[in-house]
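J.:
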Amino acid sequence: GLAAAVATVGATIFAISPLLSDIAAAFGIAPARAGRLIGVYSLSMAIVAPTVGLLARRLPRARVIVAGLLLFALVWLLAGWTRRFDALLALTLLAGAATGAVIPATYAYAGDLSSFAHRGQVMGRIVSGWSIAILLVVPLMAIASQTIGWQAAFGALAAAALLTAALLAFAPRPGAGADSSAAAELPVGPSLRRVASHRATLVVLAVNGIDMGAFYAVYAFLGSEMRRANDWGAAPAGLAIAAYGVGLLIVTLNGRLIDRFGKTRSAVASLAALGLVLSGLPWLVGTPALLVPGVIAWGCVQGVFFTAITSLATEQIPELRGVVTAMLSGATYLGVTLFSPPAVLLFERFGFPAVGAFAGLASLAGAALLAWPGARVAAVEGR
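Going by the working numbering, the sequence shown opens with residue 8, and the numbers climb by one from there.
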């Protein structure tokens, strides 16, 4: 159920890229302007995720997840009826808010139910929901968009959210599901100060924001560039992007290897590898035989980083786990929001390879920050 929740809400930002041309055509706007949907969605989640994490500390995490899924479904049902791009932007803002409630609560729930020694394995199973989104949900939405329209594709996503909410609402639940009672009673101000004064947590949040900003800088234009270079429709572009999900699934289902190697070392090594992968991918878009293996490699190294950094985040301040995971999600989409304007500028002036170089350098900077001894992120490895 938790992996299904991640798959459902996580599909949105992945689906926008291959559908960008269709959405732009429907509203008679340029793809670059339609790409603002990603920035709006990201900004909403960046604001809502930490807010919900702070205000919903006393609520069972399962209840927060179900409520977020219901809002998510309502938003995309309404999106199918809109005829104005500004209205779609507003609805996308609400979809980001719903995702901001679901994702961090899901990660915190996984942390509640596992020891840190085995958290990479457990978190990998939850993160595999992103693989399902990419391998199954996004290609199906791309095919639906090409055959019956992008509005119907998002309508089907809304139906999936309703089904997942029903499954979670009526499924038996373990006892875990909220921050410790002492932490839950802390006012918002002291909780924020506790996180803000914890250096290792701040480094984890910053590095996650850098990684995800770099990721979406490349991903935002990958679908449209593949379609342009190869004269593809939405369906083949969506299927090519699904190769990322293959790599992600391979890694997330083997999270125990991350536990053995060490979560901090895994995160640093994967960021260094991403520096090479992200800078190289834009040069492969016109050669599908090379692009698909490159996208699979991207999924593998990103899967290592994401599983490792999420596991590390859940252990930095265990008594405020829900708050930290909410801020992790906020950092994710704050990173996307901050990286989007320079990525768009580089794309319009210098092309896709410049975006890849920018993302690659950012990943290397993130690796250096996480490896810095003063960060003290690895201190939790001995717990």
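Where is the CB? At the ideal position from N, CA and C, for every residue including glycine.
Note that the structure is a prediction, hence the values are computed from the model and not measured.
Look at the alpha carbon of Leu142 and the alpha carbon of Phe161, and state the distance between them as a whole number of angstroms.
T.: Answer to the nearest angstrom: the Cα atoms are 16 Å apart.
J.: Quick check: what's the CA-CA separation for Val202 versus Arg90?
T.: Going from the Cα of Val202 to the Cα of Arg90 covers about 43 Å.
J.: Taking the Cβ atom as the reference point for each residue, do Leu175 and Ala80 lie within a distance shorter than 7 Å?
T.: Against a cut-off of 7 Å, the Cβ pair of Ala80 and Leu175 comes out as no contact.
J.: Ordered along the chain, which non-local residues of its own chain (more than five positions away) have a Cβ less than 8 Å from that of Leu61?
T.: So the list reads Val195, Ser198, Leu199, Val330, Ala333, once near-sequence residues are dropped.
J.: Report the option in Ala361, Val387, Leu298 whose CA atom is closest to the CA atom of Ala221.
T.: Nearest C-alpha to Ala221: Ala361.
J.: Between the stretch 338 to 352 and the stretch 117 to 135, do at least 3 Cβ pairs fall closer than 8 Å?
T.: The stretch 338 to 352 vs the stretch 117 to 135: no contact.
J.: If we count Cβ pairs, one from each stretch, closer than 8 Å, do we get three or more for the stretch 239 to 250 versus the stretch 368 to 378?
T.: Too few Cβ pairs lie closer than 8 Å, so no.
J.: Could you check what DSSP says for Ala183 in three-state terms: helix, strand or coil?
T.: At Ala183 the pLDDT is 49, less than 50, meaning the model places this residue with poor confidence; the figure from the coordinates comes in the next sentence. Three-state result, Ala183: coil.
J.: Quick one: what's got a C-beta closer than 6 Å to Ala183's C-beta in the same chain, skipping five residues either side?
T.: Reliability of the predicted coordinates at Ala183 is poor, the pLDDT of 49 falling under 50, and no value is obtained from them.
J.: Rounding to the nearest angstrom, what Cα-Cα distance links Leu84 and Ala165 in this structure?
T.: Cα to Cα, Leu84 sits roughly 6 Å from Ala165.
J.: Mind checking whether Tyr48 and Ile72 have CB atoms under 7 Å apart?
T.: Cβ atoms of Tyr48 and Ile72: not closer than 7 Å.
J.: May I ask you to report which of helix, strand or coil DSSP gives Gly373?
T.: Of the three classes helix, strand and coil, the one that applies to Gly373 here is helix, per DSSP.
J.: Relative to the alpha-carbon of Ala53, which residue among Trp157, Leu229, Ser336, Leu376 has its alpha-carbon at the smallest distance?
T.: If we check each option's Cα against that of Ala53, Ser336 comes out closest.
J.: Considering only residues of the same chain and omitting the five flanking positions on each side of Leu291, which have a CB-CB separation below 6 Å?
T.: For Leu291, where only same-chain residues beyond five positions count, the Cβ hits under 6 Å are Leu297, Leu298, Gly301.
J.: Starting from the C-beta of Ala6, find all residues in its chain whose C-beta is less than 6 Å away, skip the five residues before and the five after it, and write them out in chain order.
T.: Residue coverage of the chain in this structure runs from 8 to 390, which leaves residue 6 outside it and unanswerable.
J.: For the alpha helix (DSSP H) containing Phe161, list its first residue and its last residue.
T.: From DSSP, the alpha helix (DSSP H) with Phe161 extends over 157 to 177.
J.: In the structure shown, what three-state DSSP assignment does Leu291 receive?
T.: Helix at Leu291.
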